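In what follows, a structure is listed as structure tokens, so that the remarks can point back to it.
Chains as they are written, first to last, in this note's numbering: chain A, 178 to 406; chain B, 178 to 406.
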């Protein structure tokens, strides 16, 4: 099988939520994981970890936590309504496949949990006072940039799955019950989860992903100037 | 030019920090941006924005903010020392190319700033009490998952740049002076920056990215069981 082109993979890696229960061969899964770790991370620290949940009982328990979180998230979605850039029909389809997943997550043959070890800053005493002061002012900094060390790997997983004929997507609902997930997976205290990805052979098809046009989201040099390209 | 394969791109998209000042053709940059927006985002909301900073004076100012932040980050790196999985030599090279970038960021022909509109939860009154209570307990939830809606796009940028012969990498130091960056780029209050990516034709070469082995970072079903694959 010829390798899929990069841009073709990006343009057709639709989020597929209806998955078959068929098992995924070990070497295929290894290729997905090997793609994940080729991603960059801050200072190349690779403080990531990936838990491949394949055991049916572990999947069932993880699915139950996810289901519970879905009730919370469902209430948020309901209160928020349809985003303006989606048609009624697109929104209905998103909600329908979303709620399918809420009830069937555990049926995917693999639930992949992407984790990251919390970044620890050096003790204040080891830093010059000006540095301490700036970090104190910018507490959000560490948390906001953490994603830069795990979601690139997650995107590599999505693209590798697409190339290997596997459906997947990022889900984050489970973070609402992070402590229960950590207990179930025996995660160390300083390891946090960032994505729960059901992976399996899709019932549906890959297809073009449609998006808002560049003209709406790209700016040139400053916000007030739209990108002319 | 035949399209580069997905896995080849992932395996060779080394972080290249020494870039030539040569301009990037408009249509090449458009292809990079078009790759960015093919990424997934939570609920397909696409609350992202990308500022292409090409104007020399804007680049100079952004570079000056970045340089100031580098003094903070340099102190953190110095206090923290070499990660155990890197050799002395690898660490010295990382520090050297890092400090090159600190002083030469503005020379890249494009500085791409990836932004995300802050997620706003519905007002508490619109949510059932149990949902309110859970969100109150999990304040980190919104911030931690925000990266899932922007860093996949950032990884697509890295891979598209690789395919098009452009060097780039994620930098986040500037977040330490987020307010100054927002003022310079005229960003709305509710838009936050997540990455500052210098993009240009590289002086160095793409090459294999080396990483810690899967056996060190992948677990099966639970933390205590290493992945046998």
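Glycine included, C-beta positions come from ideal geometry on N, C-alpha and C. Note that this is a predicted model, so its numbers are computed, not measured.
Problem set entry | For residue 279/A, the three-state DSSP class (helix, strand or coil) | Taking the first chain and counting its residues from 1, one reaches residue 279/A at position 102. It is helical.
Exercise. So, does the CB of residue 209/B fall closer than 8 Å to a CB anywhere in chain A?
Worked result: By 1-based counting over the second chain, the position of residue 209/B is 32. Chain A, which has no Cβ nearer than 8 Å to the Cβ of residue 209/B, makes this no.
Exercise. Out of 387/B, 245/B and 192/B, which has the shortest C-alpha to C-alpha gap to residue 375/B?
Worked result: Here residue 375/B is taken as the residue at index 198 of the second chain, counted from 1. Out of 387/B, 245/B and 192/B, 192/B has the C-alpha closest to the C-alpha of residue 375/B.
Exercise. Which residue's Cα is closest to the Cα of residue 188/B: 337/B, 207/B and 288/B?
Worked result: Position 11 of the second chain holds residue 188/B. It is 337/B.
Exercise. Leaving out the 5 sequence neighbours to the left and right, which residues in its chain are closer than 6 Å to residue 292/B when beta-carbon positions are compared?
Worked result: Translated into positions along the second chain, residue 292/B becomes position 115. Cβ neighbours of residue 292/B beyond the five flanking positions: 226, 368 and 370.
Problem set entry | First and last residue of the uninterrupted beta strand (DSSP E) at residue 228/A | Position 51 of the first chain, counted from the first residue, corresponds to residue 228/A. Unbroken beta strand (DSSP E) run through residue 228/A: 225-230.
For this session: Pull up the CB-CB distance for residue 215/A and residue 275/A, whole angstroms please, since I reckon it's below 8 Å.
Result: For the purposes of this step, residue 215/A is taken as residue 38 along the first chain, with counting starting at 1. For the purposes of this step, residue 275/A is taken as residue 98 along the first chain, with counting starting at 1. Going by Cβ atoms, the distance from residue 215/A to residue 275/A rounds to 30 Å, so no, they are not a contact pair.
Exercise. Is the distance from the Cβ of residue 379/B to the Cβ of residue 344/B below 8 Å?
Worked result: Residue 379/B sits at position 202 when you count from the first residue of the second chain. Residue 344/B sits at position 167 when you count from the first residue of the second chain. The answer is yes: Cβ separation under 8 Å.
For this session: Could you tell me whether the Cβ of residue 396/A comes closer than 8 Å to any Cβ of chain B?
Result: The residue given as residue 396/A occupies position 219 in the first chain. By this cut-off, residue 396/A is an interface position.
Exercise. Counting pairs of beta carbons, one from the segment 243-253 of chain B and one from the segment 197-214 of chain B, are three or more of them closer than 8 Å?
Worked result: no
Exercise. From what residue to what residue does the alpha helix (DSSP H) around residue 309/B run?
Worked result: Your numbering for residue 309/B matches position 132 in the second chain. Residues 306-314.
Problem set entry | Rounded separation between residue 258/A and residue 300/B - CA only | Translated into positions along the first chain, residue 258/A becomes position 81. Translated into positions along the second chain, residue 300/B becomes position 123. Cα to Cα, the separation comes out at about 13 Å.
Exercise. Between 180/B, 183/B, 182/B and 197/B, which lies nearest to residue 382/B when the distance is taken from Cα to Cα?
Worked result: As a first step, residue 382/B is located in the second chain; it is residue number 205 there, counting from the start. Selected option, being the one with the closest Cα: 197/B.
Exercise. For chain B, is any of its Cβ atoms less than 8 Å away from the one on residue 260/A?
Worked result: By one-based count along the first chain, residue 260/A stands at place 83. True, the Cβ-Cβ gap to chain B drops below 8 Å.
Exercise. Of the choices 246/B, 332/B and 373/B, whose alpha-carbon is the least far from that of residue 186/B?
Worked result: As a position in the second chain, residue 186/B is number 9, starting the count at 1. The residue with the shortest Cα to Cα distance from residue 186/B is 332/B.
Exercise. From the beta carbon of residue 379/A, is the nearest beta carbon of chain B less than 8 Å away?
Worked result: Against the first chain, residue 379/A aligns to sequence position 202. So, not an interface residue.
For this session: Report the option in 261/A, 244/A and 296/A whose CA atom is closest to the CA atom of residue 278/A.
Result: Translated into positions along the first chain, residue 278/A becomes position 101. Ranking 261/A, 244/A and 296/A by Cα distance to residue 278/A puts 244/A first.
For this session: Drop a sphere of 10 angstroms on the beta-carbon of residue 220/A, count the other beta-carbons inside from all chains shown, and report buried for 16 or more, exposed for fewer.
Result: Position 43 of the first chain, counted from the first residue, corresponds to residue 220/A. Per the 10 Å Cβ criterion, buried.
Exercise. Who are the neighbours of residue 273/A on chain B, taking C-beta pairs under 8 Å?
Worked result: For the purposes of this step, residue 273/A is taken as residue 96 along the first chain, with counting starting at 1. In chain order: nothing, as chain B lies at least about 14 Å away.
For this session: Check whether the Cβ of residue 367/A lies closer than 8 Å to any Cβ atom in chain B.
Result: For the purposes of this step, residue 367/A is taken as the residue at position 190 of the first chain. By this cut-off, residue 367/A is not an interface position.
Problem set entry | Distance between residue 306/A and residue 270/B (C-alpha atoms, nearest Å) | As a working note, residue 270/B is residue 93 in the second chain. As a working note, residue 306/A is residue 129 in the first chain. Using only the alpha carbons, I get a separation of about 28 Å.
For this session: Could you pull out every unbroken alpha helix (DSSP H) segment of at least 4 residues lying fully inside the segment 324-406 of chain A, listed in chain order?
Result: 328-340, 355-362 and 391-394
Problem set entry | Residue-level contact to chain A via CB, residue 351/B, 8 Å cutoff | Within the second chain, residue 351/B is the residue found at index 174, counting from 1. It does not; no Cβ of chain A falls within 8 Å.
Problem set entry | residue 236/A versus 265/A, 199/A and 289/A, residue with shortest Cα-Cα distance | Translated into the one-based positions of the first chain, residue 236/A becomes position 59. The candidate whose alpha carbon is nearest that of residue 236/A is 289/A.
Problem set entry | Top-ranked residue by Cα proximity to residue 180/B, from 389/B, 340/B, 373/B and 308/B | As a position in the second chain, residue 180/B is number 3, starting the count at 1. Nearest option by C-alpha distance: 340/B.
For this session: Output the boundary residues of the alpha helix (DSSP H) element that contains residue 257/A.
Result: Indexing the first chain from 1 puts residue 257/A at position 80. Its alpha helix (DSSP H) spans residues 233-257.
Exercise. So is residue 326/A buried or exposed if we call it buried at 16+ other beta carbons inside 10 Å?
Worked result: Counting from 1 along the first chain, the entry for residue 326/A is found at position 149. It counts as buried.
For this session: For residue 316/B, count neighbouring Cβ atoms within 10 angstroms of its own Cβ and tell me buried if that reaches 16, exposed if not.
Result: Walking along the second chain from the start, residue 316/B turns up at place 139. So residue 316/B counts as exposed.
Exercise. Where do the N-terminal and C-terminal ends of the beta strand (DSSP E) with residue 291/A fall, by residue?
Worked result: The residue given as residue 291/A occupies position 114 in the first chain. Residue 291/A -> beta strand (DSSP E) spans 287-294.
For this session: Let me know if residue 262/B comes out buried or exposed under the rule of 16 or more other beta-carbons within 10 Å of its beta-carbon.
Result: Translated into the one-based positions of the second chain, residue 262/B becomes position 85. The residue is exposed, with fewer than 16 neighbouring Cβ atoms inside 10 Å.
Problem set entry | Distance CB(residue 260/A)-CB(residue 222/B) smaller than 8 Å | Position 83 of the first chain, counting from 1, holds the residue named residue 260/A. Position 45 of the second chain, counting from 1, holds the residue named residue 222/B. Yes.
Problem set entry | CB contact below 8 Å: residue 247/A versus chain B | For the purposes of this step, residue 247/A is taken as the residue at position 70 of the first chain. No, its Cβ sits nowhere closer than 8 Å to a Cβ of chain B.
Exercise. Is the beta carbon of residue 363/B sitting closer than 8 Å to the one on residue 401/A?
Worked result: Position 186 of the second chain, counting from 1, holds the residue named residue 363/B. Position 224 of the first chain, counting from 1, holds the residue named residue 401/A. Taking a C-beta distance under 8 Å as the contact criterion, residue 363/B and residue 401/A qualify as a contact pair.
For this session: Step through the CB atoms of chain A and report whether any lies within less than 8 Å of the CB of residue 376/B.
Result: For the purposes of this step, residue 376/B is identified with residue 199 of the second chain, where counting begins at 1. No, its Cβ sits nowhere closer than 8 Å to a Cβ of chain A.
Exercise. Which residues mark the beginning and the end of the alpha helix (DSSP H) in which residue 204/A is found?
Worked result: Along the first chain, one-based indexing puts residue 204/A at 27. 203-213 is the extent of the alpha helix (DSSP H) around residue 204/A.
Exercise. Looking at the C-beta of residue 231/A, does it have a partner C-beta in chain B at a distance below 8 Å?
Worked result: Here residue 231/A refers to the residue found at position 54 of the first chain. Residue 231/A counts as touching chain B.
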